[in-house]
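Step one of this worksheet: look at the structure below.
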Amino acid sequence: MAWDPDHIDLISEYCDRWCERCPLTHRCAAYTRESDPAEIEAHSEAVEKAMEELRVELALPEPAAQPWLEELSSVPEPTEADQKELDRAYHDGRARLRSDPMMIAASDYSIDAYTWLKLYGDLTRERAAALSHDGDSPEAAVLRMEVEGVLDALAVVRWDSMLIAAKLRRALTGKADGEGSFDDDAAQADWNGSAKLTLLLAQRSEAGWRLIARWAPESDIATQLAQTLAALRADVERAFPLARRFVRPGFDDPQP
Ligand code: SF4
Numbered sequence: 031m032a033w034d035p036d037h038i039d040l041i042s043e044y045c046d047r048w049c050e051r052c053p054l055t056h057r058c059a060a061y062t063r064e065s066d067p068a069e070i071e072a073h074s075e076a077v078e079k080a081m082e083e084l085r086v087e088l089a090l091p092e093p094a095a096q097p098w099l100e101e102l103s104s105v106p107e108p109t110e111a112d113q114k115e116l117d118r119a120y121h122d123g124r125a126r127l128r129s130d131p132m133m134i135a136a137s138d139y140s141i142d143a144y145t146w147l148k149l150y151g152d153l154t155r156e157r158a159a160a161l162s163h164d165g166d167s168p169e170a171a172v173l174r175m176e177v178e179g180v181l182d183a184l185a186v187v188r189w190d191s192m193l194i195a196a197k198l199r200r201a202l203t204g205k206a207d208g209e210g211s212f213d214d215d216a217a218q219a220d221w222n223g224s225a226k227l228t229l230l231l232a233q234r235s236e237a238g239w240r241l242i243a244r245w246a247p248e249s250d251i252a253t254q255l256a257q258t259l260a261a262l263r264a265d266v267e268r269a270f271p272l273a274r275r276f277v278r279p280g281f282d283d284p285q286p
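Residue numbers for the sequence shown follow the working numbering, so the first one is 31 and each next one is one higher.
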């Protein structure tokens, strides 16, 4: 496989990883890599070879002779005290994250959604499928559409159930560490991308639960799960006011 100039940089950093449903698999290096690791390995070797050839052709110095590399390698190892301080800061940061009300809500949501789906997912699917029937009346057609919607909603909430907390964790960690902003535009900070994805997932799962609640046993719980996501979304919007402005490569920008 040749290197593909159509691949979009960082596209897989801000997607829902649902490749089966993704319209941009042909623009995604991660998808290609995961689909065919052997070819990627061959590709990596080819890139390395090409870089070496280029270096020789341009008579570039050996990488080790680069001043910035020397500078980097001359950074002293942290002392024991420094390392202790770094470890303490790391553990404090993780403890703060675990006690963040948004993180607690998202983690609880994951567990509740998983439990509900385990208990009632199949039942809801069967109930919806049983009510759907062939027939060419407008009512039957509407019913079939609704059943398809419910089945899709079940798939969506299942897919998102763990992802929401994972993306929120990345957003909160990134913001706390203040890392990952490669752009002058503050909205393009990495944590805003993760927060935006959290919002999009929460939004579609919330809609999913509201539809499921119309068909499911224990529909009160399904409604509560939708409400939990609505509240979480409001909190995330407040904590990441620029998140909606983040442009996700490939998904939010015009395709060349
Ligand atoms: S961008 Fe699409 S193809 Fe690539 S990892 Fe994400 S969902 Fe999968």
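Positions of the beta carbon are idealized from the N, C-alpha and C atoms, including for glycine.
This one's a predicted model, so the numbers in the text were calculated from it and none came from an experiment.
How long is the line joining the alpha carbons of R200 and D39, rounded to whole angstroms?
-> Here the question's residue 200 lines up with position 170 in the sequence shown. Here the question's residue 39 lines up with position 9 in the sequence shown. Near 19 Å, if we compare the C-alpha coordinates of D39 and R200.
Measure the alpha-carbon distance for A232 versus D190 and round it to whole angstroms.
-> On the sequence shown, position 202 is the one that residue 232 refers to. On the sequence shown, position 160 is the one that residue 190 refers to. Cα to Cα, the separation comes out at about 8 Å.
What is the DSSP secondary structure of P279, reduced to helix, strand or coil?
-> Against the sequence shown, residue 279 aligns to sequence position 249. Reduced to three states, the DSSP call for P279 is coil.
Ignore the nearest five residues each way along the sequence and tell me which others in L241's own chain have a CB closer than 7 Å to its CB.
-> Taking the first residue of the sequence shown as position 1, residue 241 is located at position 211. Answer for L241: G179, V180, A183, listed in chain order.
Taking C-alpha atoms, which residue in L202, Q254, D215 lies nearest to E267?
-> One-based indexing of the sequence shown puts residue 267 at position 237. It is L202.
Residues near A143 by beta carbon distance below 7 Å, same chain, minus five either side = Position 113 of the sequence shown, counted from the first residue, corresponds to residue 143. Once the five neighbours on either side are set aside, the close Cβ partners of A143 are V187, S191, L255.
Run of the alpha helix (DSSP H) containing A119, from where it starts to where it stops = By one-based count along the sequence shown, residue 119 stands at place 89. A119 -> alpha helix (DSSP H) spans 110 to 128.
Would you mind working out which of C58, P106, D34, A217 sits nearest S42, comparing C-alpha positions?
-> As a first step, residue 42 must be located in the sequence shown, where it is residue number 12. With distances taken between Cα atoms, S42 lies closest to C58.
When you compare each of G123, V177, A260 to T228 by their alpha carbons, which one comes out closest?
-> Taking the sequence shown and counting its residues from 1, the one referred to as residue 228 is at position 198. Per the Cα distances, A260.
Might you give, ordered along the chain, the residues of its own chain that have their beta carbon closer than 7 Å to the beta carbon of F276, omitting 5 neighbours on each side?
-> Taking the first residue of the sequence shown as 1, we reach residue 276 at position 246. A217, Q218, N222, G223, K226, listed in sequence order.
Best match in P271, Y139, L173, S104 for proximity to S235 [C-alpha to C-alpha] | Residue 235 sits at position 205 when you count from the first residue of the sequence shown. Closest by alpha carbon: Y139.
Whole angstroms is fine: what's the gap from R263's alpha carbon to I134's?
-> As a first step, residue 263 must be located in the sequence shown, where it is residue number 233. As a first step, residue 134 must be located in the sequence shown, where it is residue number 104. So the two alpha carbons sit approximately 13 Å from each other.
Just to confirm, does W48 get its C-beta within under 7 Å of one of the non-hydrogen atoms of the ligand SF4?
-> Mapped onto the sequence shown, residue 48 falls at position 18. W48: yes, Cβ under 7 Å from the ligand SF4.
Alpha carbon to alpha carbon, how far is A160 from D207?
-> Indexing the sequence shown from 1 puts residue 160 at position 130. Indexing the sequence shown from 1 puts residue 207 at position 177. Each residue's Cα considered, the two are about 51 Å apart.
For L116, which residues from the same chain have a beta carbon less than 7 Å from its beta carbon, with the 5 sequence-adjacent residues on both sides left out?
-> On the sequence shown, position 86 is the one that residue 116 refers to. So the qualifying residues of the chain are P108.
State the CB to CB distance for the pair P35 and L153, rounded to an integer number of angstroms; the pair is presumed to be in contact (CB under 8 Å).
-> Against the sequence shown, residue 35 aligns to sequence position 5. Against the sequence shown, residue 153 aligns to sequence position 123. Actually they do not touch by this definition, with Cβ atoms about 49 Å apart.
What's the call for T258, buried or exposed, on a 16-neighbour Cβ count within 10 Å?
-> Mapped onto the sequence shown, residue 258 falls at position 228. Answer is buried; the Cβ neighbour count reaches 16.
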